[in-house]
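**Q**
Residue numbers (the numbering used here): 1 to 110.
(1) On the premise that residue 46 lies in contact with residue 38, defined as a C-beta separation below 8 angstroms, what is that separation, rounded to the nearest angstrom?
(2) Between the beta-carbon of residue 110 and the beta-carbon of residue 62, is there less than 8 angstroms?
(3) Out of 108, 88, 72, 44, which has the shortest C-alpha to C-alpha gap to residue 56?
(4) Give the DSSP-derived three-state secondary structure of residue 80 in the structure shown.
(5) What is the rounded straight-line gap between the Cα of residue 73 and the Cα of residue 67?
Next up, the structure:
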């Protein structure tokens with residue numbers, strides 16, 4: 001009889017609780033909430049944001065774990081490439097971010 005692959009702690013917990021969640025996505029969501037509060041207080045954000053200005057779709061802010069990850073994503077992330085192909089006017093990674101930069105933007109956590 002073949003052996004079952006060893007489960008990670010997160011997999012075991014999710015199965016035991018009867019829920020299915022992506023730990024990395026949950027961590028990214030929680031980090032975004034904390035970073036959003038920093039931005040509201042006028043503090044420097046710790047996450048990276050790719051801001052897309054679009055012609056026919058809502059402008060977007062794609063959130064990454066770090067500013068360096070966001071800069072790399074400008075050149076090599078498939079989601080950014082696909083969104084830019086559709087109707088992108090401008091794509092950038094700001095050094096400073098304010099609430100007005102995020103206003104009216106669709107927030108995307110890849």
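For each residue, glycine too, the CB sits at the ideal point set by N, CA and C. Predicted, not measured: the structure shown is a model, and the values here were computed from it.
**A** According to the structure shown:
(1) Contact holds; Cβ gap of about 7 angstroms.
(2) For residue 110 and residue 62, yes; Cβs fall inside 8 angstroms.
(3) For residue 56, the closest C-alpha among the options 108, 88, 72, 44 is that of 88.
(4) helix
(5) 10 angstroms
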